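*Asks:* Sharing a structure, written as structure tokens. Questions coming.
Numbering (the numbering used here), first residue to last: 977 to 1225.
Here it is in structure tokens:
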């Protein structure tokens, strides 16, 4: 029987072409500029190019943006199928200098103090050990480096919708995929935590400074209506994306 990480990998690998199309549509939309402007609020000031790490790169959306912003980019994903899509997208969009690697977000193999900036989006909610993922994000940052986590308490929203017997909804996934997604998320401890308060507590224990929270990121970026179909657990229940940023002491 597959464990949570294996099921998660199979789920995302099965979604690779469909998910890549979603993200590249996003890349070609107004959302790209919104995210670029947002990232510029957090990128550390440095004369030489920043070393940036995109964890759970998926289709390579943030890897491409970070490269455009002048960073040297390393992008990792656990799914080889997702990495194939990311490499293809990068080649088609001039991102040939991005270093794509297969790696588990919960067990990064980079040396300590390797990066100036670490970003992840919609990854932590579906990993087995989210606290360990934060540990590694912090470990690979250089002092003064910034980590930025864009996520939502999707697991909690899925569980509440299921308890209310609401039918899962998503514009590009099958009902079978959605039920598997909900089961995987429900098996992750983070689905039972109060976020982003939990995130702040974990980061505080790691000794970071200058923690910043954006509690409703879609609204902050002007993307609430655009992203609504993709952040809804059902027609009634929605998970709001938030951002947590912190600086390594």
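Idealized CB from N, CA, C, for every residue including glycine.
From a predicted model like this one, the values you see are computed outputs, not experimental measurements.
Going by beta-carbon coordinates alone, are residue 1161 and residue 1130 separated by less than 8 Å?
*Replies:* The answer is yes: Cβ separation under 8 Å.
*Asks:* Would you mind reading off the limits of the beta strand (DSSP E) that contains residue 1052?
*Replies:* Per DSSP, residue 1052 belongs to the beta strand (DSSP E) from 1048-1053.
*Asks:* Can you tell me which residues form a DSSP beta bridge with residue 1214?
*Replies:* Bridge partners of residue 1214: 1208.
*Asks:* When you compare the CB positions of residue 1224 and residue 1112, do they come within less than 8 Å of one another, or not?
*Replies:* No, these two residues do not count as a Cβ contact at 8 Å.
*Asks:* Go through its chain and collect everything with a Cβ distance to residue 1200's Cβ below 7 Å, but skip five positions before and after it.
*Replies:* Taken in chain order, the residues that qualify are 1194.
*Asks:* Roughly how many whole angstroms lie between the Cα atoms of residue 1052 and residue 1030?
*Replies:* Rounded to the nearest angstrom, the two C-alpha atoms are 6 Å apart.
*Asks:* Which residues mark the beginning and the end of the beta strand (DSSP E) in which residue 1190 is found?
*Replies:* Start and end: 1185-1190.
*Asks:* Would you be able to state if there are at least three C-beta pairs under 8 Å between the segment 1095-1106 and the segment 1064-1072?
*Replies:* Segments in contact, no.
*Asks:* Please report the straight-line C-alpha distance between residue 1007 and residue 1148, rounded to a whole angstrom.
*Replies:* Their backbone Cα atoms lie some 19 Å apart in a straight line.
*Asks:* Under three-state DSSP, which class holds residue 1147?
*Replies:* Of the three classes helix, strand and coil, the one that applies to residue 1147 here is coil, per DSSP.
*Asks:* Please state if the CB of residue 1091 and the CB of residue 1027 are separated by a distance shorter than 8 Å.
*Replies:* Cβ distance < 8 Å, so residue 1027 and residue 1091 count as in contact.
*Asks:* Just the Cα atoms here: how many angstroms apart are residue 1126 and residue 1218?
*Replies:* Near 6 Å, if we compare the C-alpha coordinates of residue 1218 and residue 1126.
*Asks:* Taking all protein chains shown into account, decide if residue 1121 is buried (16 or more other Cβ within 10 angstroms of its Cβ) or exposed.
*Replies:* Residue 1121 is buried by the Cβ-count criterion.
*Asks:* Distance, Cα to Cα, residue 1001 vs residue 993?
*Replies:* Cα to Cα, residue 1001 sits roughly 12 Å from residue 993.
*Asks:* Buried or exposed, going by whether 16 or more other CB atoms sit within 10 Å of the CB of residue 1141?
*Replies:* With fewer than 16 other Cβ atoms within 10 Å, it is exposed.
*Asks:* Rounded to a whole number of angstroms, what is the C-alpha to C-alpha distance between residue 1214 and residue 1171?
*Replies:* Going by the C-alpha atoms only, they are around 14 Å apart.
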